[in-house]
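Since the structure comes first, as structure tokens, the remarks are kept for the end.
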Amino acid sequence: MMGCFSLCPIPRAGKSKSPTHAKSVFPASDSEDDRITPTTEMYLLRGGKALASTLESLSGVIPVPFLADFVKVAISVLEACEDAIAVEEDVKDLQKRVYSLTVAIIDTVPAGGSASKDLQHRINSLQSILEQTLEDLSEIKQQKKWILIFFRDLNKERLDKCFSRVDEALEQFHVSHELRVEELLNRIKTNYSEVSAELTKVKQAVENTNKPHNALQTLPIQDMPPPHRIFHGRQGDVDEIVSLLADERTSRVCITGPGGMGKTSVALAVVDSATIRQIFRDYLFWVPCVEAKSADLLRRILYTQLRVSTDSYDSLDALIRELDASKNRRLLLLDNFETPWLSGHEQAKVGDILCRLARLPHIAVLITMTSAFPPSDDIEWQHRDLQSLDLAAGRDAFQSMYPGTAAGPKLDELLKAVDLIPLAITLLAADGKHSHASPEYLLEQWGRSGTDMLSHGLSQSMDRTIGLSIDREIEKSNPEALTLLAILSMLPAGTTGENLRWWAPTVTSLPTAIATLRTAALIEQGDGDFATSRIFVRPTVKSYMSRQGRTSDDIQHQVHDACYRFVLHHKSIPDDAKFKHDLVALGSEETNIHTLLMQIDVQTLRPDALDALLAFSLYQDRTKPSTAVALYALTVARAAGDERCVAEAHYCLGELLRSLCRYEEAYTHLQEARRGFKGLPDKSNRLRAGQCSAVMSDVLGFCSGLGGEDEVRALVLDAQADLSHDESDKYYVAHGLLARGDYLWWSRDRDDHECLEPLHAAQAIFEELECRASTAECLYLIARTYTASDMHAEALAIAKEASTAAEDSGYLHLICRTTLVVAKCLIVLSLYDEAFEILERSLSHNPVVVSLGVAEHLESIGYICAAKLNLPAARVAYEGAWVQYADRGSETEAGKLGGARCLDNLKKEDCRVREI
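Here it is as structure tokens:
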């Protein structure tokens, strides 16, 4: 159910501007050699331009609109005085008085901007006086100075009026003619700097949630690779593509060609060019698509590589919103696009993703793919099909890799035999370098392997090239390396040295096998030590290993079984001590696991496959909710006729859809799960039915249209009966008490004492069992009850204890909820600075702020700033919160109420808060 700080998924708001840094209030000395350092007042009175400059500097930290307008007019008067002094010396005294008056009035207005109506009216009247003075000064300025030699009193009456108006204003604001301007300036600077600093923090908090391509990610981001060192014969292609991308009208470029033709090398050289870096600056994005064997995986990779936050990978909407929020030009390099385009049966979905990106005119798209044709006929591509290198470039490439090789007929013959394909040349040169083989010997090897390779097309040519490398470096020197190569070829994201023990348990010497494969240029290994560095197979080699039965059925079964074991070994619930560790472990192999699980075939269903699908679905609910795996689990379970797994799949979908605020769908799946579990024998299924009932009652709290309090009461009673039927199982008995306590808090005739009794009982059991997450949940609900009784000091202590327990568990949903209730208690107790710090840290450090958490964080920050009378900062925070509520919570009661609160507060002149 939902408390004062309810949680629902939220998107990003639009990008906010960074605050302008204030200049120094005091002008610097003209010379470093001055023997005597002048006072600040001496500086200020050195001339009108210095006075105007000082006021202009001071205006940089004034966020109050009506006061800022007044200061601008005063600056104009000071500058006009300076120009008029050349004609009339008496203007100097007027200049000083206007300056003193302006500084005094700035000091009169509170730094937070909450001036009374009367004060605003008086300042506006004074602004009119200054505007009249400005007109008089303009007329004086237009006179010729020599006229005053004969008519000394020509300007006396006009200046007397100016002095009279300004003196009257000085008296009205009780300003002495001997005003100590320096003291006032220091005080003003201090007051406004404090407000400005807080405003800067709020703007930064909002900007961090909205900053493009700056989202924290749970998946590792792959950096743009550097341009390849060996690069010959392609500069003309590079220059042409650079020219196309520079023009928005031709900025959809697709590079095609056979495998190994150097498409990626050309693309990286394009991105590294000075012209491209100048145009796109920090907005160059590397999107490796070799892992993306489905539309779902492609979306995941796009979100990760573009650093865009989302609550679910099921839709591209959040990414498109982020890209369209700013018209800054961006370049997306989608490498190896043949994987999503040609794999499986989702070409239409992949094409839709590509078309949505291409419809944004300021987004340049550069694609590489192994094919003869670009993807999607709906896009106007600039198509560049790479051809083989010319002979001179081929020689240069070979000799760059294998220095000292003499040019000659045998080398030319060898290069022509592999059709001058860059990757084939690189592999052959590496083979020759490591074995010290001559071009003639390499050519003989090709002959024995079959000189008919060219008649089978360029793809077969690459197969033979890779096959020769495998034959020379692996089968003869280290047969175990071939097993490892086959295993790595099935892992689209590669893996770490530490995790290889899961994937390749039969390989006795992993470091030796890896060294063999690296020597053959068949795999790559990242920087760092063996345990943490990423090891992966080159794309063309992966393609080679996937065809013609090169990876045996035994190895394929071994890899899938390893995947299921890995998932189930790291299956845990938030109350388990290893939950935090398991989240990290599953995150490190998320892409590999997702790919392998989606390959499960019901006709050849292996042990543990379905359980792994279900366990991984719940992992996704606790990190980045996505329904793709859970829906597939339901399909497989139904096809297999496994009633328990069908019920579990419905439960997973119910939890996921609840996290995504799709409550009606969630309720339907939970009903099916509950019905399924109740129809199965044994104790464990009854417990699962009880859990379903508890979650269903919670869903009804979010979506009252599904049922009233009578339905909620019936579900809670049913949940408690199922969870508590075995009184010796304390864990589930405590969860029954927890569900009852939560329900009693929401009931119409709430009695706080009656509500707290089952919660305290549940807390005692969970603490005895050392269940940190459930303990945090109990403490959270207890703190919520105390806040409803206006016992905020007591609630704060309990809420902080809940927050600590939630942090210990690592469960992000709980961390977010407990942080918000701590902040609410601090706000009510007027401990604004501590509340602000907690909320700011939560927004900055949590990779996922779940549900409506971002909106509620920003709304609370807005309340704090309004309470401290920092109205500009409050408006920034409320605007950010309102956008978040409107985007993500518009279909929920909590989202609608939150958005209405923010909008109502924004309409108020003093930004005072109706409620939080």
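Start counting the sequence shown at 1; every next residue gets the next number (full-length UniProt numbering). Built from N, CA and C at the ideal position, the CB exists for glycine as well.
When the five nearest sequence neighbours on each side are left out, the beta carbons in the same chain lying within less than 6 Å of the beta carbon of His735 are those of Leu723, in order along the chain. With a 10 Å radius around the Cβ and a threshold of 16 neighbouring Cβ atoms, Thr819 comes out buried.
A direct Cα-to-Cα measurement between Phe163 and Leu94 gives close to 6 Å. Taking 8 Å as the upper bound for CB-CB distance, Glu643 and Gly690 are not in contact here, some 18 Å apart.
Within a 10 Å sphere around the beta-carbon of Asp237 sit 16 or more other beta-carbons, which makes this residue buried. In the three-state reduction of the DSSP assignment, Met224 falls in the coil class, being assigned neither a helical nor a strand state. Thr102 carries a helical assignment under DSSP once its states are collapsed to helix, strand and coil.
In this structure, DSSP gives Val537 an extended state, which the three-state scheme calls strand. The segment 335 to 354 makes contact with the segment 295 to 303: 3 or more CB pairs, one atom from each, lie closer than 8 Å.
For Phe373, no alpha helix (DSSP H) run applies, since DSSP gives it neither H nor E. With contacts defined by Cβ atoms closer than 9 Å, Ile363 and Arg307 do not form a contacting pair. Residue Glu856 holds the alpha-carbon nearest to the alpha-carbon of Lys824 among Ser809, Leu814, Glu856. CA-to-CA, the gap between Ala773 and Gly810 works out to about 8 Å.
For Trp286, the enclosing beta strand (DSSP E) starts and ends at 284 to 288. When rounded, the separation of the alpha-carbon atoms in Ser388 and Glu672 is 59 Å. Of all C-beta pairs linking the segment 302 to 322 to the segment 258 to 269, fewer than three are shorter than 8 Å, placing the two stretches out of contact.
The three-state reading of DSSP puts Ile367 in strand, counting E and B together. Spanning the alpha carbons of Ala504 and Tyr564 requires a straight line of approximately 14 Å. Separation of Tyr402 and Gly432 (C-alpha to C-alpha, rounded to the nearest whole angstrom) is 7 Å. Between the alpha carbons of Asp314 and Ala640 lies a distance of about 26 Å. The three-state reading of DSSP puts Glu524 in strand, counting E and B together. For Leu316, no beta strand (DSSP E) run applies, since DSSP gives it neither H nor E. With contacts defined by Cβ atoms closer than 9 Å, Leu657 and Glu665 form a contacting pair. If you ignore the 5 residues before and after Arg165, its C-beta comes within less than 6 Å of the C-beta of Ile129, all in its own chain and listed in chain order. With fewer than 16 other Cβ atoms from the protein chains shown falling within 10 Å of its own Cβ, Gln278 counts as exposed. In this structure the segment 318 to 337 lies against the segment 283 to 294, because at least three pairs of beta carbons, one per stretch, are closer than 8 Å.
From the listed residues Val602, Ala694, His669, Asp352, the smallest Cα separation to Ala637 is found for Val602. Note on Thr508: under 16 other CB atoms within 10 angstroms of its CB, so exposed under the neighbour-count rule. Between Arg356 and Ala348, the alpha-carbon positions lie close to 12 Å from each other.
At the C-beta level, Asp611 and Cys645 come within 9 Å of one another. Unbroken alpha helix (DSSP H) stretches of 4 residues or longer found wholly inside the segment 395 to 453: 409 to 417, 422 to 435, 439 to 450, given in chain order. In this structure, Ala630 sits near Leu614, with a CB-CB distance shorter than 9 Å. Between Ala493 and Glu727, the C-beta gap is not smaller than 9 Å, which leaves the two residues out of contact.
Taking the Cα of Asp412 as reference, the smallest distance to any Cα among Val71, Thr426, Glu440, Gly404 is reached at Glu440. Pro375 and Leu738 have their C-alpha atoms roughly 54 Å apart.
The alpha-carbon of Glu767 is positioned some 10 Å away from that of Cys778.
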